[in-house]
Every structure is written in structure tokens, then in C-alpha cells.
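A short write-up of the structure that comes next.
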Amino acid sequence: MRTQLLALDLADELHLVLAPLLVGEAGAPAFLGPAPYPGGPAARMKLREARPIDDVVLLRYAPKVRS
Numbered sequence: 253m254r255t256q257l258l259a260l261d262l263a264d265e266l267h268l269v270l271a272p273l274l275v276g277e278a279g280a281p282a283f284l285g286p287a288p289y290p291g292g293p294a295a296r297m298k299l300r301e302a303r304p305i306d307d308v309v310l311l312r313y314a315p316k317v318r319s
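Under this note's numbering, the very last position in the sequence shown is 319; numbers go up by exactly one each time.
Structure follows, in C-alpha cells:
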């Protein structure tokens, strides 16, 4: 579903949290799954905010306007 929302331009913001530990197993699904990045390499994201919260960082991204 994550990949589908991005591919259909239905996501207006993406939140990522960077944490100082790894969670998951070797076979755990990747964020975008086994598919090409929606929109191809030209579909870049723009950083809106980087906010430290204790020992993690919240990153907020928005899709860049395509020209």
C-alpha cells in the first residue's frame, strides 16, 4: 500500500524516524517492497523538517513539484 500511495501521488507527506537500533528480521519486508521507486529517480522528496526527539530523529518529507 505504501508504494501504491506514492505511485498514485496520493501521499502529500512522508514521515521517517531514524533510530539508533535495527528492528526486524532478515526476511522482513522493505519499506517500498520489491518494486521500482514510484515515479522513477526523478520523483525526489523535499525535506520539510528534521526534529530530534530524545535519541531519534523525525524526518518529514514532501514530494517535490515535478516540472
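Where a beta carbon is used, it is the ideal one built from N, C-alpha and C, also for glycine. It should be emphasised that the depicted structure is a prediction, and the values quoted were computed from it without experimental measurement.
- Message: What residue range does the beta strand (DSSP E) around arginine 312 cover?
- Response: Segment 308-315, the beta strand (DSSP E) holding arginine 312.
- Query: Can you give the Cα-Cα distance for leucine 266 and alanine 280, rounded to whole angstroms?
  - Reply: If I take the Cα positions, the gap works out to 20 Å.
- Query: From Pro272, Arg296 and Ala271, pick the residue whose C-alpha is nearest to that of alanine 259; which is it?
  - Reply: With distances taken between Cα atoms, alanine 259 lies closest to Arg296.
- Would a C-beta distance cut-off of 8 Å place leucine 311 and leucine 299 closer than the cut-off? Yes, they are a contact pair.
- Message: If contacts are defined as beta-carbon pairs under 8 Å, then leucine 270 and valine 308 qualify, I think. What distance do you get, rounded to the angstrom?
- Response: Yes, they are in contact, since the Cβ atoms of leucine 270 and valine 308 sit about 6 Å apart, within 8 Å.
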